[in-house]
Amino acid sequence: MRPIDLPRLKKWFAAYSAGFYLNDPEYDRPLRLKVAHTRRVCENIVRLGRALDLSQEELILAEVSALFHDVGRFRQYRDYRTFNDSISENHAGAGVSLMEEHGLLALRPETERRLVTQAIAYHNAAVLPEDQDPETIFFMHLLRDADKLDILHIFAEYFNDRDGRPDKTIEVGLADDPAVSPRMIDALRARRFARFEDLKTLNDFKLLQISWVYDFNFTPSFQLLKDRRHIENINKTLPRTVEIEAAVKEALDYMLQSAGG
Numbered sequence: 007m008r009p010i011d012l013p014r015l016k017k018w019f020a021a022y023s024a025g026f027y028l029n030d031p032e033y034d035r036p037l038r039l040k041v042a043h044t045r046r047v048c049e050n051i052v053r054l055g056r057a058l059d060l061s062q063e064e065l066i067l068a069e070v071s072a073l074f075h076d077v078g079r080f081r082q083y084r085d086y087r088t089f090n091d092s093i094s095e096n097h098a099g100a101g102v103s104l105m106e107e108h109g110l111l112a113l114r115p116e117t118e119r120r121l122v123t124q125a126i127a128y129h130n131a132a133v134l135p136e137d138q139d140p141e142t143i144f145f146m147h148l149l150r151d152a153d154k155l156d157i158l159h160i161f162a163e164y165f166n167d168r169d170g171r172p173d174k175t176i177e178v179g180l181a182d183d184p185a186v187s188p189r190m191i192d193a194l195r196a197r198r199f200a201r202f203e204d205l206k207t208l209n210d211f212k213l214l215q216i217s218w219v220y221d222f223n224f225t226p227s228f229q230l231l232k233d234r235r236h237i238e239n240i241n242k243t244l245p246r247t248v249e250i251e252a253a254v255k256e257a258l259d260y261m262l263q264s265a266g267g
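Start counting the sequence shown at 7; every next residue gets the next number (the numbering used here).
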């Protein structure tokens, strides 16, 4: 069987996403952000895949999962004006349904379709299913790492350049309050990632993102996280308290150790 026609899928994605623009800079900006995010996640996953010695066929499957991991966001934004799944819909599941609706992988073997759609379906899940085979779990982990690397890039830049111009889409309606919820600190000290439903303030959101260090899966992922300094840059925008500094230091130590020193 011929390999997946990746250029054709990229053209489809470009045309589909462009169809949601209204030529209104304010409305279109979050959509363009998602297109740029998708491009960078594709770049991340290929870079990670090469570092992990994936075959060319596996690299293509990985990139397809990255290409469509947020495709459900466009309809979500049009229908709900938000990227907050908790008050709209699960964008991952919506993306899988969209791929099936348009038959994007209809002619591919079931094994390929399953790897791609399962990786997409669980890229934003708090817990991965236990009934998956090792190869599927591997692709799930790979997409989650590639995605989180770029989300951290986006937020590190945003928080450091915010300058009193909050973006409601990015901040998902959280209060810009100096307070920090104890559950965020507890999650970091327990070396687990925090839960979205526990967020109360923008500082909680920053700590949640830092806690993602405990959900990375591969040495090359930690190495990129270390080199790009996303955790350090988000930390610069947090209040300087003993509890926060201790929790973030532990997260940074874990990152350095996992990156190989």
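The C-beta atom is built at its ideal place from N, Cα and C for all residues, glycine as well.
For residue i: DSSP bridge partner residues
i: residue 207; result: 181
Which of helix, strand or coil DSSP assigns to residue i
i: residue 68; result: helix
i: residue 261; result: helix
i: residue 4; result: No answer is possible for residue 4: the residues shown for the chain start at 7 and end at 267.
i: residue 90; result: coil
i: residue 223; result: coil
i: residue 23; result: helix
i: residue 191; result: helix
i: residue 140; result: helix
i: residue 197; result: coil
i: residue 46; result: helix
i: residue 15; result: helix
i: residue 122; result: helix
i: residue 248; result: helix
i: residue 235; result: coil
i: residue 128; result: coil
i: residue 133; result: coil
i: residue 10; result: coil
i: residue 266; result: coil
i: residue 36; result: helix
i: residue 55; result: helix
i: residue 117; result: helix
Contact set for residue i: own chain, Cβ-Cβ below 7 Å, skip 5 residues either direction
i: residue 160; result: 43
i: residue 127; result: 98, 99 and 102
i: residue 71; result: 122, 125, 126, 145 and 149
i: residue 156; result: 43, 46, 47 and 50
i: residue 162; result: 236, 239 and 240
i: residue 66; result: 9, 10 and 12
i: residue 166; result: 239, 242 and 243
i: residue 261; result: 219, 228, 231, 232 and 237
i: residue 268; result: The chain is shown only over 7 to 267; residue 268 falls outside these bounds and no answer can be derived.
Neighbourhood of residue i by C-beta distance below 6 Å, restricted to the same chain and skipping five residues each side
i: residue 124; result: 142
i: residue 264; result: 228
i: residue 130; result: 98
i: residue 199; result: 217, 218, 220 and 221
i: residue 190; result: 200, 210 and 213
i: residue 249; result: 191
Alpha-carbon to alpha-carbon, residue j and residue i
i: residue 38; j: residue 62; result: 29 Å
i: residue 259; j: residue 188; result: 21 Å
i: residue 172; j: residue 238; result: 21 Å
i: residue 254; j: residue 243; result: 12 Å
i: residue 93; j: residue 7; result: 42 Å
i: residue 247; j: residue 54; result: 35 Å
i: residue 22; j: residue 64; result: 25 Å
i: residue 225; j: residue 266; result: 7 Å
i: residue 95; j: residue 57; result: 34 Å
i: residue 186; j: residue 169; result: 21 Å
i: residue 60; j: residue 140; result: 15 Å
i: residue 40; j: residue 74; result: 11 Å
i: residue 34; j: residue 17; result: 19 Å
i: residue 257; j: residue 77; result: 31 Å
i: residue 82; j: residue 19; result: 16 Å
i: residue 117; j: residue 68; result: 13 Å
i: residue 88; j: residue 32; result: 13 Å
i: residue 223; j: residue 134; result: 13 Å
Residue i at chain B interface by Cβ criterion, 8 Å
i: residue 221; result: Chain labels in this structure do not include chain B; a single protein chain is all it has.
Beta-carbon contacts of residue i that lie in its chain and below 8 Å, excluding the five residues immediately before and after
i: residue 164; result: 173 and 176
i: residue 86; result: 93, 94 and 95
i: residue 138; result: 124 and 146
i: residue 203; result: 92
Quiz prompt | At least 3 beta-carbon pairs within less than 8 Å: the region 102-119 vs the region 203-220 | solution = no
Quiz item: Three or more C-beta pairs closer than 8 Å, one from the region 195-215 and one from the region 177-184: is that the case here?
Solution: yes
Exercise. May I ask you to verify whether the region 25-33 touches the region 193-200, counting CB pairs closer than 8 Å and requiring at least 3?
Key: no
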